[in-house]
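Number of protein chains: 4
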Amino acid sequence: MRTDQSVIYAFHHSGQVLEIGESAKVRRTRKTPEERRRELLAAAASVFARRGYRSADVQEIADRAGVGKGTVYRYFDTKEALFRASIANQLDELETCARQARDRHTDPLERLRAAIRAVFAYFDGHPETVELFIQERAEFLHRGVPLYFLRSAMRHEEWASEFRALIAAGRMRDMPVDALMDGLGDLVYGAALSSTASPHRPCLVDRFDQLFEIYLHGALVQS
Amino acid sequence: MRTDQSVIYAFHHSGQVLEIGESAKVRRTRKTPEERRRELLAAAASVFARRGYRSADVQEIADRAGVGKGTVYRYFDTKEALFRASIANQLDELETCARQARDRHTDPLERLRAAIRAVFAYFDGHPETVELFIQERAEFLHRGVPLYFLRSAMRHEEWASEFRALIAAGRMRDMPVDALMDGLGDLVYGAALSSTASPHRPCLVDRFDQLFEIYLHGALVQS
Amino acid sequence: MRTDQSVIYAFHHSGQVLEIGESAKVRRTRKTPEERRRELLAAAASVFARRGYRSADVQEIADRAGVGKGTVYRYFDTKEALFRASIANQLDELETCARQARDRHTDPLERLRAAIRAVFAYFDGHPETVELFIQERAEFLHRGVPLYFLRSAMRHEEWASEFRALIAAGRMRDMPVDALMDGLGDLVYGAALSSTASPHRPCLVDRFDQLFEIYLHGALVQS
Amino acid sequence: MRTDQSVIYAFHHSGQVLEIGESAKVRRTRKTPEERRRELLAAAASVFARRGYRSADVQEIADRAGVGKGTVYRYFDTKEALFRASIANQLDELETCARQARDRHTDPLERLRAAIRAVFAYFDGHPETVELFIQERAEFLHRGVPLYFLRSAMRHEEWASEFRALIAAGRMRDMPVDALMDGLGDLVYGAALSSTASPHRPCLVDRFDQLFEIYLHGALVQS
DNA sequence: TATGAATGAGCATTCATTCAT
DNA sequence: TATGAATGAATGCTCATTCAT
C-alpha cells in the first residue's frame, strides 16, 4: 500500500517546483530516453550497492529514479539486465578514467602508475562501484564470466603492449606478460574488495604508493 | 509432498538396502550430534557455494545431508547461522592447513612461502570455500565485518612477528609491517577470488611461484 | 501451482465468460481500492469465522476474494492487521445498526430495548461476527484489550447517559450505572457467545423478550 | 537444540536434590501413572491458558511437567486430546466446587446463590480456567459442542429441579425453566469471559452481589 | 508511452507427531 | 516405559514481473 511516498520523492527526483495548491503529484515528465536510462542506471547502482543484488527492490530503484515500476521494465527486460547494465556503465566510466590518466603520460611506467592510481582513486570516490563488482562476482558466476573479468580480458591486448614495451626497454623483468599483468590485476582486485570490508582501513589512494612500490620492487631487500 | 526424491537419496543416507517394492521411504537414523553437524556443514558449504547464499534452499541442504528440514533447524537456529558456521568451519580448516605447512619450516621466508602455498593449494582443492568467502563478503557486509576479515585481524599478531623477524634479519625491506602484510593479503585475496571467475585461468598453485616471486622481488628489473 | 481452483472462481470475480477450451485463467481485474478492500474484508470475515484465526489460510481468503495472495498484502500489512480490520469493520456495522434502532424511539427504555434487540438480530444474521469476536478474545488478549471491549469502553458515555436518564426518571433502580450497564453487557456477550455454541438453541431474537424481561424485572416474583 | 534447559527445569519439576558432582540431569523418576497424568494436566492447563491452544508448544508442556515430549504422547494421543482432558479436569473441579457450596444450604435460593458465588470465586482464583473455556470455544466449535456446553447440558436436570422448586414455592416467576436457567447461564458465561478481557475490571466475586441482585429483582424499580 | 495494481512462485521457519534407542 | 532426535507438512510473507488503464 505504498501510495503516500510519492510526496516524499517528488522532490528527490527532479527538483520540479510544484505550483501552490497543486496536488503533490509529480508532473508527468517528458525526458529523453537517454536521460531516463542514465537516471535509472544511477539509481540502480546506488540501490544495488547498498542492499546487494538480491535484496535490492526494483520498487526502490524506481522510486529513486522517480519513475513507475513499469517504466523500469520498459528500459530493462529484467532486474538482472538492469544490474548488468549498471555494471557495464560503471566499467565504462572506470576505464575512461584510467585511460585519461594514462594518456597524460608518455613514459610507459608512469602510464601504468597513473592508470592504477586513477583506478584506486575512482574506487575511493565510488565505493558503490566496488560493491557492484562483488555482487556480480557473488551472484552471476554460474551464469557466465562476470563483466568485470570479461572487460579485463577485452582490455588485455591494450595493456599487454604497455608491458611488452617495458620489458623490451629492459626495465621490467622478462617474465610472461600474463604473469605480470595478472599479478597486478589480482593485487588491485584484492585491494579494492577488501578496502570496504574493514571499516578502519585507510582509503586506497593512501595505500597506493606502498602497494605499487611492492609490486615494482618487491618486499625483499634487493640482493 | 516431496516423496519422489527419496529414491535418489535412499543410498546416500545410510546405505540401507531397500527391498524391491518396499516403500522408498528412508528409515529414520540417529547419529551423534558431532557427525550430524559435520554432515550438515559439508552439505551447507556445497549448496551455498553452488547456489549462493540467497538462492540456496534449506531444503536442498537437508536433502544433501540426508535429513529432514527440521533437523537442520535443530542444529542451527537460522539459515544465516548455518551459513556463518559453514564459513567458520572452512576458516578453521584453512588456518590449520596453513599453520601446518608453515611449521614444517624454520626459515622465516620459507615459513611464509609454505603457508601461502598451502592456502593456494587449499583453495584449488576447495573451490567452494572461495565461493563462501565471496558470498559472505557480498551478503553480510552490512551486518558487521565478515568472518574472513575478522579472522584475518585475529591472525595479525601471529604473522606480524614473522614479518618483523624478516625485517630484523635485513632480508625484508624496512617498510611498515602492515603495508607488507596487507599487500600480500590483497594479492592472495584477489588471486583467490579471481581464480574461479575465469574458467580458463590455471589453478592457483601453478601461478603461485610467479605471484610470490613478484611479491618478493617485484616486477621491475633490479636496478 | 493452484490452478485447478480458478475454474471455480472464474465466475466469482468479474462475470467474465470464458470460451470453451480457453485456459481457465482468470483475467486480471482492476477495481477501486474501496471495492477491493470491502471484498477482502468480507472474505476475511468469512474465512476467519469458519476456520478460526490461526487456521485461516491467507491463500483461502485471497481465493475467496478472487485476488492473488499478494493483493491481500497490498491492502493489509499482515494477517493480523487484516483480522483486526475485519473486526473493526464488523463493529462499525454493529454499532450503526444498534444506533439506528435506538434512534427510532424517544422513550429511554424503548431506546435501550430496541438497541439490544437490534444487536441480537445482527448476531443472528451475522453469526460470523460472533465468531470473530471470540477469535479476537482468544488470540489477542496478550496483545492488548480486544477491539470488542475497547469499543465497548468508547461507547460507555453515550449509553451511560441513557441509563442515568432512566434512573433520574425513577424508572430504573438507583444502582451504580456501571453495575447496570455491565450486567446487561455481560448478559448480551454471554448470550451471543453461547448462541452459536449449542446447535439446538433458538436464535437470539427469539430469546430476546425473555432475556430482556429478566434483566428488567428479575427472575423472582415481585414481593 | 534445546539441551541446556533441563538444568533449569530440574528444580522446577520435582524438587529433587541432586547429589554433589552428579550431572545436572533429572534422575529417572518413577511415578504412578495417575500422578504423572495429574502433573501433565496441570502443566497443560497452565501453558494452554498462557499461550492459547494453537501457540502452546507441546515441548513447553513437557518441560513444565518434567517429562520428555514422548511421554506426553504416551498419556494423551494428541495435543487436542490433552487439551480436552485439561478442560474436563477443570470442569470436574469447578462442578465439585459449585456442588459443595450449594449443598451447604437447604433453602433453594441460597443453594443457587451459593453455587454461582462459588463459581465466580473459582474463576477469580483460576483465571486460566476461563482462558481454557475461551480457547475451547474458539478452536473447537467446528468439531462438536465444546465440553463447557456439553457439561452444562448434562447438569441441566440437576439444576432444573432446583428452579422448579423455586417456582413451585411461588418465589420464582412462572417462566419456562430453560429461560430462567439460560438467562443465568449467559450472565455467568458473559461475566466470566469479559472479566479477564479488561484489565481494570474488579474481580468477579466483588461484582457478584450486584449481578445476582439484578438477576433476581431486575434493573427496574418495582412497580 | 507510463503507470502501479495485481499476481503467484518461492522460501524460511515452526511444531505436532513418530520412532529408534 | 521413557526419551528426545528426527521428520515434513503447513503457512506467512516477499518481490520480480505482467498488464489493464
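Protein chains in written order, with the working numbering: chain A, 1390 to 1612; chain B, 1390 to 1612; chain C, 1390 to 1612; chain D, 1390 to 1612.
For every residue, glycine included, the Cβ atom is placed at its ideal position computed from N, Cα and C.
Check: Looking only at C-alpha atoms, which of Arg1463(B), Ala1503(B) and Gly1572(B) sits nearest to Ala1608(A)?
Finding: The shortest CA-to-CA distance from Ala1608(A) to any of Arg1463(B), Ala1503(B) and Gly1572(B) is the one to Gly1572(B).
Separation of Ser1541(B) from Ala1451(C), as counted between CA atoms: In this structure, the alpha-carbon of Ala1451(C) lies about 51 Å from that of Ser1541(B).
(request) Would you tell me roughly how many angstroms separate the C-alpha atoms of Ala1507(C) and Asp1492(C), rounded to the nearest one? (result) Using only the alpha carbons, I get a separation of about 12 Å.
*asked:* Between the alpha carbons of Ala1432(C) and Leu1582(C), how many angstroms are there, rounded?
replied: Our two residues, Ala1432(C) and Leu1582(C), have alpha carbons roughly 22 Å apart in a direct line.
> Which same chain residues, not among the five before or five after Glu1411(A), have their C-beta less than 7 Å away from its C-beta?
Replying inline: In this prediction, Glu1411(A) scores a pLDDT of 38, lower than 50, which makes its location untrustworthy; the coordinate-derived value is nonetheless stated afterwards. There are no such residues.
Query - Span of the alpha helix (DSSP H) around Asp1452(D) - result: Asp1452(D) -> alpha helix (DSSP H) spans Val1447 to Ala1454.
Note to self: Strictly by DSSP, which residues pair up with Leu1609(A)?
What the structure shows: The bridge partners DSSP lists for Leu1609(A) are Met1561(B).
| query | Hey, is Glu1411(B)'s beta-carbon within less than 8 Å of any beta-carbon in chain A? | reply | Confidence at Glu1411(B) is low in this model, with a pLDDT of 40, below 50, so its placement is unreliable and the value that follows should be read with caution. Not an interface residue.
- Query: From the beta carbon of Val1534(D), is the nearest beta carbon of chain C less than 8 Å away?
  - Reply: So, interface residue.
Go ahead and pull the three-state DSSP assignment for Lys1420(D). Of the three classes helix, strand and coil, the one that applies to Lys1420(D) here is coil, per DSSP.
Exercise. Does any C-beta atom of chain A lie closer than 8 Å to the C-beta of Asp1435(B)?
Worked result: Contrary to the premise, residue 1435(B) reads as Ser rather than Asp in this sequence. No, Ser1435(B) lies away from the interface with chain A (no Cβ there is under 8 Å from its Cβ).
Between which residues of its own chain and Tyr1604(B) is the CB-CB distance below 8 Å, once the five residues before and five after are set aside? Gly1572, Leu1573 and Leu1576, listed in sequence order.
**Study point:** CA-to-CA distance, Arg1553(B) to His1606(B), given in whole angstroms
**Key:** For His1606(B) and Arg1553(B), the distance between alpha carbons rounds to 18 Å.
Taking a Cβ distance cut-off of 7 Å, strictly less, list which residues of the region 1519-1530 of chain D are near chain C, in chain order. Those residues of the region 1519-1530 of chain D placed with their C-beta closer than 7 Å to a C-beta in chain C are Ile1523, Gln1524, Arg1526, Ala1527, Glu1528 and Leu1530, ordered along the chain.
At a Cβ threshold of 8 Å, is Lys1414(C) touching chain D? Here Lys1414(C) scores only 47 on pLDDT, less than 50, and its place in the model should not be relied on; the value that follows carries that caveat. Chain D, which has no Cβ nearer than 8 Å to the Cβ of Lys1414(C), makes this no.
Original post:
Using a beta-carbon distance below 8 Å, is Phe1597(D) in contact with chain C?
Top reply: By this cut-off, Phe1597(D) is not an interface position.
| field | For Gly1559(A), the nearest candidate out of Arg1425(B), Val1610(B) and Arg1463(B) (CA to CA) | value | Ranking Arg1425(B), Val1610(B) and Arg1463(B) by Cα distance to Gly1559(A) puts Val1610(B) first.
### Query
Any contact of the region 1494-1510 of chain C with the region 1589-1604 of chain C, i.e. 3+ C-beta pairs under 8 Å?
These segments touch.
**Report entry** contact_flag[the region 1532-1547 of chain B, the region 1564-1571 of chain A] where n(CB pairs < 8 Å) is 3 or more
**Finding:** When Cβ pairs closer than 8 Å are counted between the two stretches, the region 1532-1547 of chain B is seen not to touch the region 1564-1571 of chain A, the count staying below three.
| query | From Leu1471(B) to Asp1446(D), what does the alpha carbon distance come to, in whole angstroms? | reply | Taking the straight line from one Cα to the other gives about 24 Å.
Looking at the structure shown, is Arg1463(A) part of a helix, part of a strand, or coil, going by DSSP? The DSSP-derived three-state label of Arg1463(A) is helix.
Is there a Cβ from chain A that is less than 8 Å from the Cβ of Leu1576(B)? At least one C-beta of chain A is nearer than 8 Å to the C-beta of Leu1576(B).
query: At least one CB of chain C closer than 8 Å to the CB of Phe1472(D): is that the case?
result: False, the Cβ-Cβ gap to chain C never drops below 8 Å.
For this session: Return the residue from the list Tyr1464(D), Arg1440(D) and Ser1444(D) that minimises the CA-CA distance to Thr1421(D).
Result: Minimum Cα-Cα distance from Thr1421(D) among the listed residues Tyr1464(D), Arg1440(D) and Ser1444(D) corresponds to Tyr1464(D).
Review point. Roughly how many whole angstroms lie between the Cα atoms of Leu1498(D) and Leu1569(D)?
Key: Using only the alpha carbons, I get a separation of about 13 Å.
Q. Looking only at C-alpha atoms, which of Glu1551(A), His1531(A) and Ser1587(A) sits nearest to Ala1586(B)?
A. If we check each option's Cα against that of Ala1586(B), His1531(A) comes out closest.
So is Leu1593(A) in contact with chain B if we call contact Cβ pairs under 8 Å? Chain B contact via Cβ: absent.
- Query: Can you tell me whether DSSP reads Asp1496(C) as helix, strand or coil?
  - Reply: Here Asp1496(C) sits in coil by DSSP.
message: Under DSSP, the alpha helix (DSSP H) around Leu1471(D) begins and ends at which residues?
response: Following the DSSP letters along the chain, one finds Leu1471(D) inside the alpha helix (DSSP H) bounded by residues Lys1468 to Arg1491.
(Q) Here's the rule I'm using: 16 or more other beta-carbon atoms within 10 Å means buried, otherwise exposed. How should Ile1409(A) be labelled? (A) With a pLDDT of only 35 at Ile1409(A), under the threshold of 50, the placement of this residue in the model should not be trusted, and no figure is reported.
Between Ala1490(A) and the rest of its own chain, which residues show a CB-CB distance below 8 Å, the 5 nearest in sequence each way excluded?
-> Cβ-Cβ distances below 8 Å link Ala1490(A) to Ala1503, Ala1504, Arg1506 and Ala1507 in the same chain, with the five nearest sequence neighbours on each side left out; the list follows chain order.
Quiz prompt | Through-space distance from Tyr1511(D) to Thr1485(D), alpha-carbon basis | solution = Between Thr1485(D) and Tyr1511(D), the C-alpha separation is close to 11 Å.
Q. In the structure shown, what three-state DSSP assignment does Ala1438(C) receive?
A. Correct three-state label for Ala1438(C): helix.
- Under the rule that 16 or more other beta-carbon atoms within 10 Å means buried, what is Ser1612(B), buried or exposed? It is exposed - the Cβ of Ser1612(B) has fewer than 16 other Cβ atoms within 10 Å.
- Using alpha carbons as the reference points, say which of Arg1500(D), Asp1481(D), Met1561(D) and Lys1468(D) lies closest to Glu1528(D). Of the candidates Arg1500(D), Asp1481(D), Met1561(D) and Lys1468(D), the one whose C-alpha sits nearest the C-alpha of Glu1528(D) is Lys1468(D).
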